[in-house]
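Each residue of the sequence shown is one higher than the last, beginning at 2 in UniProt numbering. The structure under discussion appears below in the form of structure tokens.
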Amino acid sequence: AEMSKTRTWVEGKWYEGNPPLIGPRTHSFWLGSNVFDGARGFEGVMPDLDLHCARLNRSAVNLGMKPTMRFEEMVELATEGMKKFEADEAVYIRPMYWAENDGPGIIDGDPESTRFCMCLFEAPMPPKGASNSLTLSPFRRPTMESMPVNAKAGCLYPNNARASREAKSRGFDNAIMLDALGNVAELTSANIFMVKDGEVLTPYWNGTFLNGITRQRIIKLLSSAGYNVHETTLTYKDFYEADEIFSTGNYGKVVPVHKLDDRTMDHGPVAAKARELYWEFAHAKVPA
Ligand code: PMP
Numbered sequence: 002a003e004m005s006k007t008r009t010w011v012e013g014k015w016y017e018g019n020p021p022l023i024g025p026r027t028h029s030f031w032l033g034s035n036v037f038d039g040a041r042g043f044e045g046v047m048p049d050l051d052l053h054c055a056r057l058n059r060s061a062v063n064l065g066m067k068p069t070m071r072f073e074e075m076v077e078l079a080t081e082g083m084k085k086f087e088a089d090e091a092v093y094i095r096p097m098y099w100a101e102n103d104g105p106g107i108i109d110g111d112p113e114s115t116r117f118c119m120c121l122f123e124a125p126m127p128p129k130g131a132s133n134s135l136t137l138s139p140f141r142r143p144t145m146e147s148m149p150v151n152a153k154a155g156c157l158y159p160n161n162a163r164a165s166r167e168a169k170s171r172g173f174d175n176a177i178m179l180d181a182l183g184n185v186a187e188l189t190s191a192n193i194f195m196v197k198d199g200e201v202l203t204p205y206w207n208g209t210f211l212n213g214i215t216r217q218r219i220i221k222l223l224s225s226a227g228y229n230v231h232e233t234t235l236t237y238k239d240f241y242e243a244d245e246i247f248s249t250g251n252y253g254k255v256v257p258v259h260k261l262d263d264r265t266m267d268h269g270p271v272a273a274k275a276r277e278l279y280w281e282f283a284h285a286k287v288p289a
């Protein structure tokens, strides 16, 4: 696919497009030693940008990399980068670290060689009426003991990518991934919520999926609006019997589900309310 309008900051300078940054000896090229985060700039706001930047530094530490930027500096850079886009362009903001050199143990990267870049690119928001179809994935999320799932790391995504490919090959937009015990964890690139008899339910964070910043924001917003939100153990059957399902993530924010395998369902009122609350929150908050 052709690349959308892209601006990249690396080592003190802005570049247009996608500058080449690594070589065949780069540790990250070899063993996937990179971490990233994803935030959004749209309609003149960058909701929770500070939280996304702070999470990047935690991801780096979790993967044995030494952060070289303070989150405040990243927020400043993103603010500067957003000025390179038109006011009506929706942008994906992706700060990243990677290990440049091998460390003393060879397979571990050298923490002193951590490098940083931030990439911003045009990525339209899914339209307001958009919704997804879901299927149960045959692929599961790893446990905390088998992968560093508490980092937002590139090395975690090939498993989610094969789940996404497999779902798409069967005509679905996205897949529900279970954890090692067989309970629902998340989608391939978003968290998942359901509604049953007016109560909002979402998987309890047991360390097998990304505890999304949008997930945490929506839990707070719905709770403050008077909904009962439960973080609990949920099975595929719970979702199959749900009144409503929706996903949350920085990319599309709140997106309802219209189909789960052979069951169709309506876009429900809670998903619509969650989306509305998110937009109110996003616009009430002045970006840093
Ligand atoms: N799970 C996965 C695997 C993701 O890639 C994402 C997107 N970052 C999410 C959940 C949602 O997280 P957030 O709300 O922090 O974007």
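We put the beta carbon where it would ideally sit given N, CA and C, even for glycine.
Start and end residues, beta strand (DSSP E) containing residue i
{"i": "Arg41", "result": "Ala40 to Gly42"}
{"i": "Asn58", "result": "Element bounds for Asn58: not the beta strand (DSSP E) but the alpha helix (DSSP H), Leu50 to Asn63."}
{"i": "Val230", "result": "Val230 to Thr233"}
{"i": "Leu121", "result": "Thr115 to Glu123"}
{"i": "residue 1", "result": "This structure cannot settle anything about residue 1, because the visible part of the chain is limited to 2 through 289."}
{"i": "residue 291", "result": "This structure cannot speak to residue 291, because the chain is shown only from 2 to 289."}
{"i": "Phe86", "result": "Run containing Phe86: none; DSSP gives neither H nor E here."}
{"i": "Val36", "result": "Asn35 to Phe37"}
Among the options, the one whose alpha carbon lies nearest that of residue i
{"i": "Ala176", "options": "Trp10, Asn35 and Pro139", "result": "Pro139"}
{"i": "Leu50", "options": "Ile220, Ile214, Ser225 and Tyr279", "result": "Ile214"}
{"i": "Phe72", "options": "Glu87, Cys54 and Ala152", "result": "Cys54"}
{"i": "Gly24", "options": "Ser60, Asp103 and Glu167", "result": "Asp103"}
{"i": "Phe122", "options": "His259, Gly42, Phe173 and Ala61", "result": "Gly42"}
{"i": "Phe173", "options": "Ser114, Thr136, Ala164 and Ala154", "result": "Thr136"}
{"i": "Ser60", "options": "Thr115, Ala243 and Met178", "result": "Thr115"}
{"i": "Gly39", "options": "Met75, Pro257 and Ala131", "result": "Met75"}
{"i": "residue 336", "options": "Arg142, Gly183 and Cys156", "result": "Lying before the first or after the last residue shown, residue 336 is absent from the chain, which here runs from 2 to 289."}
{"i": "Ala243", "options": "Asn229, Thr249, Leu223 and Thr265", "result": "Thr265"}
{"i": "Leu211", "options": "Ala88, Phe86, Arg56 and Arg171", "result": "Arg56"}
{"i": "Ser134", "options": "Arg8, Ser248 and Arg95", "result": "Ser248"}
{"i": "Pro217", "options": "Leu32, Glu200 and Ala191", "result": "Here residue 217 is Gln; the residue named in the question, Pro, does not match the sequence. Nearest C-alpha to Gln217: Ala191."}
{"i": "Gly253", "options": "Ala91, Phe30, Thr203 and Arg166", "result": "Ala91"}
{"i": "Pro204", "options": "Leu223, Pro21 and Leu179", "result": "Leu179"}
{"i": "Ala273", "options": "Leu78, Ser132 and Phe37", "result": "Ser132"}
{"i": "Asp267", "options": "Pro68, Glu3 and Gly130", "result": "Gly130"}
{"i": "Ser5", "options": "Asn19, Ile219, Leu157 and Trp206", "result": "Asn19"}
{"i": "Asp89", "options": "Asp263, Glu3 and Gly45", "result": "Gly45"}
Residue span of the alpha helix (DSSP H) that contains residue i, given as start and end
{"i": "Met75", "result": "Phe72 to Met83"}
{"i": "Arg171", "result": "Counting along the chain, Arg171 falls outside any alpha helix (DSSP H), and DSSP gives it neither H nor E."}
{"i": "Arg218", "result": "Ile214 to Ser225"}
{"i": "Leu32", "result": "His28 to Leu32"}
Contact with chain C by residue i, beta-carbon distance below 8 angstroms
{"i": "Ser147", "result": "No chain C appears in the structure shown, which is made up of a single protein chain."}
Contact check, residue i vs residue j, beta carbons under 8 angstroms
{"i": "Val196", "j": "Glu146", "result": "no"}
{"i": "Tyr93", "j": "Phe117", "result": "no"}
{"i": "Met83", "j": "Met119", "result": "no"}
{"i": "Gly65", "j": "Pro127", "result": "no"}
{"i": "Ala154", "j": "Asn35", "result": "yes"}
{"i": "Ala226", "j": "Val255", "result": "no"}
{"i": "Val201", "j": "Tyr228", "result": "yes"}
{"i": "Thr236", "j": "Val185", "result": "yes"}
{"i": "Asn63", "j": "Asn160", "result": "no"}
{"i": "His231", "j": "Gly110", "result": "no"}
{"i": "Thr209", "j": "Ala168", "result": "no"}
{"i": "Leu261", "j": "Phe240", "result": "yes"}
{"i": "Phe37", "j": "Pro96", "result": "yes"}
Contact test: residue i Cβ vs ligand 1 heavy atom, cutoff 7 angstroms
{"i": "Asn175", "result": "no"}
{"i": "Gly39", "result": "yes"}
{"i": "Thr203", "result": "no"}
{"i": "Gly216", "result": "Correcting the residue identity first, residue 216 is Arg in this sequence and not Gly. Correct: Arg216 has its Cβ closer than 7 angstroms to ligand 1."}
{"i": "Phe210", "result": "yes"}
{"i": "Asn58", "result": "no"}
{"i": "Ala124", "result": "no"}
{"i": "Thr144", "result": "no"}
{"i": "Ser190", "result": "yes"}
{"i": "Asn161", "result": "yes"}
{"i": "Gly213", "result": "yes"}
{"i": "Gly155", "result": "no"}
{"i": "Asn207", "result": "no"}
Heavy atom of ligand 3 within 7 angstroms of residue i beta-carbon
{"i": "Glu187", "result": "Among the ligands modelled here, namely ligand 1, ligand 3 does not occur."}
- request: Run through the region 240 to 283 for me and flag every whole beta strand (DSSP E) of 3 or more residues, listed as ranges in chain order.
  value: 245 to 250 and 254 to 261
- prompt: At what residue ranges does the region 129 to 210 contain a whole run of the alpha helix (DSSP H), taking only runs of 4 or more?
  reply: 158 to 170
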